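These notes are about the structure you will find just below.
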Amino acid sequence: VKEKSFIQSIKTLPKSFRLFLVGVGIFGLGNFANSLFTLRVQEVLAPSLGALQASAVAVGLYTLLNVAYAAFSFPIGALSDRIGRKRILAAGYFLSAIVCLGTAFLVADFLIIVPLFLLAGLFTAITDTIEGTAAADLLPAESRGTGFGVLQTVNGIGDFASSAIVGILWALISPLVAFSYAAALSAAGGFILLYLTRGNHPLR
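In our numbering, the protein residues as written are 25 to 228.
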């Protein structure tokens, strides 16, 4: 049996799922590794706290992000069963944009930094929890293996590309440009998801 190419496999999937992948893919190109948040905080805090203490605070904030992620994941999943996955996933993308903008203009104020890390944990919980369940809603049982494989491929490409692009923009231009780029793509992914899933599209 001749194996299907990646593109051929995508073409066999439902149109609604392929449209969903567009929003996920664009969001993914701005969804960099969360460790970059800690590097940015360390950079901002170092002048006032010193490099060593700023590094320790950044590690603590990263731990806070992961605690928030764990705390929010179950409630988010349960809430999506009640009010719909589309709204929650789009909200997660927009939260990502807010966090990225906050990081772009970050100042050494814990009243700003701590809420940003809590929101980062929240949007990460939303995207990790809801993307897969939303995909399952759009895929017939006989195509779910292929569909999940394509989704993970899109996410993997986005994970690599986004962190690389944000890192390059940060190094060559400025963190303002780097995180603003990420914010723009996160928001674009949210708007595309809302547009593509309105009306009779089955993502609920």
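Glycine included, each C-beta is placed from N, C-alpha and C at the ideal position.
Computed from a predicted structure; not experimentally measured.
Here's the rule I'm using: 16 or more other beta-carbon atoms within 10 Å means buried, otherwise exposed. How should Leu53 be labelled? Here residue 53 corresponds to residue number 29 of the sequence shown, with the count starting at 1. It is buried - the Cβ of Leu53 has at least 16 other Cβ atoms within 10 Å.
Mind checking which residues open and close the alpha helix (DSSP H) that includes Ile136? Residue 136 sits at position 112 when you count from the first residue of the sequence shown. That run of the alpha helix (DSSP H) goes 134-162.
If we count the other Cβ atoms within 10 Å of its Cβ and call it buried at 16 or more, is Ser120 buried or exposed? To locate residue 120, count along the sequence shown from 1; it is residue 96. It counts as buried.
Taking Leu119 as part of the alpha helix (DSSP H), name the residues at either end of that continuous run. Counting from one through the sequence shown, the residue named residue 119 turns up at place 95. Taken as a continuous stretch (DSSP letters only), the alpha helix (DSSP H) holding Leu119 covers 109-128.
Whole angstroms is fine: what's the gap from Gly180's alpha carbon to Ser198's? Stepping through the sequence shown from its first residue, residue 180 is reached at position 156. Stepping through the sequence shown from its first residue, residue 198 is reached at position 174. If you take the alpha carbons of Gly180 and Ser198, they lie about 25 Å apart.
Taking one C-beta from the region 108-116 and one from the region 147-158 each time, how about it: are there three or more such pairs within less than 8 Å? yes
Please classify Ala78 as buried or exposed, where buried requires at least 16 other C-beta atoms within 10 Å of its C-beta. As a working note, residue 78 is residue 54 in the sequence shown. The residue in question, Ala78, is buried, as its Cβ has 16 or more Cβ neighbours within 10 Å.
Please return the same chain residues whose Cβ sits closer than 6 Å to the Cβ of Ser204, not counting the five positions on each side in sequence. Indexing the sequence shown from 1 puts residue 204 at position 180. Counting only Cβ-Cβ distances below 6 Å, and skipping sequence neighbours, we find Ala128.
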